Each structure stands twice: as C-alpha cells, then as structure tokens.
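Everything on this sheet refers to the single structure shown next.
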C-alpha cells in the first residue's frame, strides 16, 4: 500500500457493500501519535492524561495522541523527567485501511437454520 499512498490523492473504501471512507489520503493518514520512552513513564502518563492526552502502552514505552511532541517534551522538561525517546509517528495507509475495514474482511456469519 505504500506505493498507492504515493500515487493517489483520494480513496474510496468499501467493505461488505458499505461505504467506509470517501476521503483524501492525507485525511485518512492524518492521525499522528508520539512514541515516548522514559524511566518515569507511568508518572508521565498520569500527567499527560491530566493535560487531555490519550495515553496507551506500558513499561517504559508510551504512545500518546492528542498532544504534539513539543508539548510533551516541554511538560517533561518542566517536571524534570528525562526522555529516552520522543518520536512522531504517522499512521500509514495500510494501518488506516485495517482500522477502517476491521472485521469487514471476514465473511458475514451464516444464518442458522431453523429445525
């Protein structure tokens, strides 16, 4: 799908006869998250959540949405929390497609017959 992302501007995604998306590539792949690795990740996760960010992950690695990397870095610096990694991650077209289609690629459940 990486080749498709380079050659098309607009996509229509259909699953099980339903229109799932009719949007530009930028709109479909526009979701960004930030990967953060820190020794104090649970403390940082609590603080970022309090600031309105969505935090996923466990251990030293967190995936943050709803807050940009500059704001995350500034908050960590303000609190004296050292970050081992702060990386912007963009959703790929394949990830967006899989999120959209989810269960739609599986065949519909067969209706049980009445006996």
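Numbering (the numbering used here), first residue to last: 1 to 115.
No residue lacks a Cβ here, since even glycine has one placed at the ideal position from N, Cα and C.
Model, not experiment: these values are computed from the prediction.
What whole-angstrom Cβ distance do residue 44 and residue 76 have, given they're in contact under 8 Å? Sequence index remark: in the chain shown, residue 44 carries index 44 (1-based). Sequence index remark: in the chain shown, residue 76 carries index 76 (1-based). Contact holds; Cβ gap of about 6 Å.
Mind checking which residues open and close the beta strand (DSSP E) that includes residue 8? On the chain shown, position 8 is the one that residue 8 refers to. Taken as a continuous stretch (DSSP letters only), residue 8 belongs to no beta strand (DSSP E), as it is neither H nor E.
In the DSSP output, what is residue 24 paired with across the bridge? Taking the chain shown and counting its residues from 1, the one referred to as residue 24 is at position 24. According to DSSP, which records beta bridges pairwise, residue 24 is partnered with 10.
Given residue 91 as reference, the closest of 39, 12, 32 once Cα atoms are compared: Residue numbering aside, residue 91 sits at position 91 when the chain shown is read from its first letter. If we check each option's Cα against that of residue 91, 32 comes out closest.
Beta strand (DSSP E) segment containing residue 141, residue limits: The requested residue 141 is not part of the displayed model; the chain covers only 1 to 115.
Is residue 45 helix, strand or coil when you go by DSSP? Translated into the one-based positions of the chain shown, residue 45 becomes position 45. In this structure, residue 45 counts as helix in the three-state DSSP scheme.
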